[in-house]
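Peer 1: Provided herewith is a single structure, encoded as structure tokens, for subsequent inquiry.
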Amino acid sequence: MFMFLRSFLDKKDMLQSWMISKQWMESDWKGDDYYEYTQTCLENSTWCRALKWVVDAVKPLYLVLRYVDIENLHIFWLQTKNDASHTCMEARLGQGSTQFSRFMSKVSQRVRNMETNTLMIAPTVLYPVTHYMHNSSNNVEYAQALIDAIEKMEETHEDVVHVIQEIGFFPECYGRFNWPTARTRASSMPPMPT
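If you read the sequence shown in this note's numbering, its first letter stands for residue 13, the second for the next number, and so on.
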């Protein structure tokens with residue numbers, strides 16, 4: 013829907029030009045109610061401004077929801093987009109407003125569904141940027157998601173215990189996870205894709 017509205021807005025001038033053409037005036041559906049409605053909307057500057065407001069308001073949400081549907085999505089990038097859309101929507105609609113709550117509930121529910129009972133969280137906990145910049149490894153739900161993923165991958169309980177112990181060093185920046193190389197790598201990673 014966003015793409016349709018955005019396209020409609022982008023082509024508004026062309027559509028308005030078409031409406032004064034002979035082809036438009038002599039079209040087969042000239043007497044149709046939608047013909048009149050379309051013409052009225054496109055000629056109405058208030059309607060066009062309202063359409064622009066809707067497109068601009070929904071764009072940050074579209075950017076997040078587009079990421080949710082990417083096959084090889086990295087949850088950290090999604091969370092970054094989600095945080096940015098949250099800030100943008102707050103500025104546009106007002107923090108705590110009914111509109112803000114309605115808009116963001118759609119995105120928040122979609123992100124929650126994606127995070128719940130999936131293996132998507134585990135790589136986020138181990139991702140250097142997430143670890144060093146956002147400390148996601150200290151989030152109890154994320155830590156549990158990582159343990160669940162390890163249990164699914166390892167064959168024996170001993171292997172699970174060993175891996176969890178090794179991963180325990182990661183959030184504590186203990187051993188090799190405290191080396192300058194690990195911290196430097198996190199700070200020198202390329203910017204996230206947009």
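Idealized CB from N, CA, C, for every residue including glycine.
When you compare each of M31, Q91 and E170 to S120 by their alpha carbons, which one comes out closest?
Peer 2: As a working mapping, residue 120 is identified with position 108 in the sequence shown. It is Q91.
Peer 1: Among residues of its own chain, excluding the 5 on either side of S19, which ones have a beta-carbon nearer than 6 angstroms to its beta-carbon?
Peer 2: Within the sequence shown, the letter at position 7 stands for residue 19. For S19, where only same-chain residues beyond five positions count, there are no Cβ hits under 6 angstroms.
Peer 1: As an exercise, report each continuous alpha helix (DSSP H) stretch of at least 4 residues that is fully enclosed by the segment 116–168, in chain order.
Peer 2: 133–138 and 152–165
Peer 1: Examine the Cβ distances between the segment 129–136 and the segment 94–114 and report whether three or more of them are shorter than 8 angstroms.
Peer 2: no
Peer 1: Please report the Cβ distance between I162 and V175, rounded to the nearest whole angstrom; I am assuming they are in contact, meaning their Cβ atoms lie under 8 angstroms.
Peer 2: Within the sequence shown, the letter at position 150 stands for residue 162. Within the sequence shown, the letter at position 163 stands for residue 175. That belief holds up - the Cβ atoms of I162 and V175 are roughly 5 angstroms apart, short of 8 angstroms.
Peer 1: Give a yes or no on whether the C-beta atoms belonging to M31 and L63 are separated by under 8 angstroms.
Peer 2: Position 19 of the sequence shown holds residue 31. Position 51 of the sequence shown holds residue 63. No, Cβ-Cβ distance for M31 and L63 is not below 8 angstroms.
Peer 1: Entirely within the segment 30–91 and at least 4 residues each: give me those alpha helix (DSSP H) ranges in chain order.
Peer 2: 34–37, 45–55 and 57–80
Peer 1: Going by DSSP, what residue range makes up the alpha helix (DSSP H) through M13?
Peer 2: To locate residue 13, count along the sequence shown from 1; it is residue 1. Element bounds for M13: n/a, residue is neither H nor E.
Peer 1: Based on Cα-Cα distance, which residue from M165, Y49, A103 and K118 lies nearest to Y74?
Peer 2: Translated into the one-based positions of the sequence shown, residue 74 becomes position 62. Comparing Cα-Cα distances from Y74 to each of M165, Y49, A103 and K118, the minimum goes to K118.
Peer 1: In or out: Y139 buried (at least 16 other Cβ within 10 Å) or exposed?
Peer 2: As a working mapping, residue 139 is identified with position 127 in the sequence shown. That one is buried.
Peer 1: How big is the Cα-Cα spacing for D171 and W191?
Peer 2: Within the sequence shown, numbered from 1, the residue matching residue 171 stands at position 159. Within the sequence shown, numbered from 1, the residue matching residue 191 stands at position 179. Those two C-alpha atoms are separated by around 25 angstroms.
Peer 1: What's the C-alpha gap between S97 and V76?
Peer 2: Numbered from its first residue, the sequence shown carries residue 97 at position 85. Numbered from its first residue, the sequence shown carries residue 76 at position 64. Rounded to whole angstroms, S97 and V76 show a C-alpha spacing of 7 angstroms.
Peer 1: Compare the Cα-Cα distances from M13 to each of T128, V66 and D40 and report the closest residue.
Peer 2: Within the sequence shown, residue 13 is the residue found at index 1, counting from 1. With distances taken between Cα atoms, M13 lies closest to V66.
Peer 1: Put S109 into one of helix, strand or coil per three-state DSSP.
Peer 2: Here residue 109 is taken as the residue at index 97 of the sequence shown, counted from 1. S109: coil per DSSP, three-state reduction.
Peer 1: Suppose the cutoff is 8 angstroms on Cβ atoms and the five residues either side in sequence are ignored; what does the same chain contact list for L27 look like?
Peer 2: Residue mapping note: residue 27 aligns to position 15 of the sequence shown, counting from 1. The answer, listed in chain order, is F20 and L54.
Peer 1: Using C-beta distances below 7 angstroms, list every residue in its chain close to T128, excluding the 5 sequence neighbours before and after it, in chain order.
Peer 2: Locating residue 128 in the sequence shown gives position 116, counting from the first residue. Excluding residues within five positions, none has a Cβ falling inside 7 angstroms.
Peer 1: Alpha carbon to alpha carbon, how far is F16 from R78? Give it in angstroms, no decimals.
Peer 2: Counted from its first residue, the sequence shown places residue 78 at position 66. Counted from its first residue, the sequence shown places residue 16 at position 4. Their Cα atoms are separated by approximately 15 angstroms.
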